[in-house]
Structure formats: structure tokens, C-alpha cells
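Numbering (our numbering), first residue to last: 14 to 73.
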């Protein structure tokens, strides 16, 4: 499960971004990666790629 503070940060950055692509680029600057795996969005810690968890299905 993703920590609440990280999830809040990702949601805040998603509201600021104009598109999902921009959002992924923005969070990469803070050391997080978001990738699609099997229809789910997985959050990782860069540069190691350590999986932090899966975003909720209603996360937009």
C-alpha cells in the first residue's frame, strides 16, 4: 500500500498537470515513476524502480 503522504502528493501533482503524460514527467522529477502493468498503475521509487504500490482504480 502506498503511504498516504505519497498518495496525496501524487494527487496534488495530477491536479496541476494538463495530461497524464505531463503528470508522469512531473513526478519523475521528484523521484517517483508511474507505469502501467496489467491494466493497473504501479508507483515506483526511482532510480532503483522499487515498487511502492498500486494506485487506486478511481485515481485520476
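All C-beta atoms, glycine included, are put in the ideal place defined by N, C-alpha and C. Here the structure is a predicted model, which means the values were calculated and not measured.
Less than 7 Å separates the beta-carbon of residue 15 from that of residue 65. Cβ contact annotation for residue 48 (same chain, cutoff 6 Å, sequence separation greater than five): 55, in chain order. Residue 54 carries a strand assignment under DSSP once its states are collapsed to helix, strand and coil. In summary, residue 23 is buried, with 16 or more beta-carbon neighbours lying within 10 Å of its beta-carbon over all protein chains present. The Cβ neighbour count for residue 45, taken over all protein chains shown within 10 Å, is at least 16; the residue is labelled buried.
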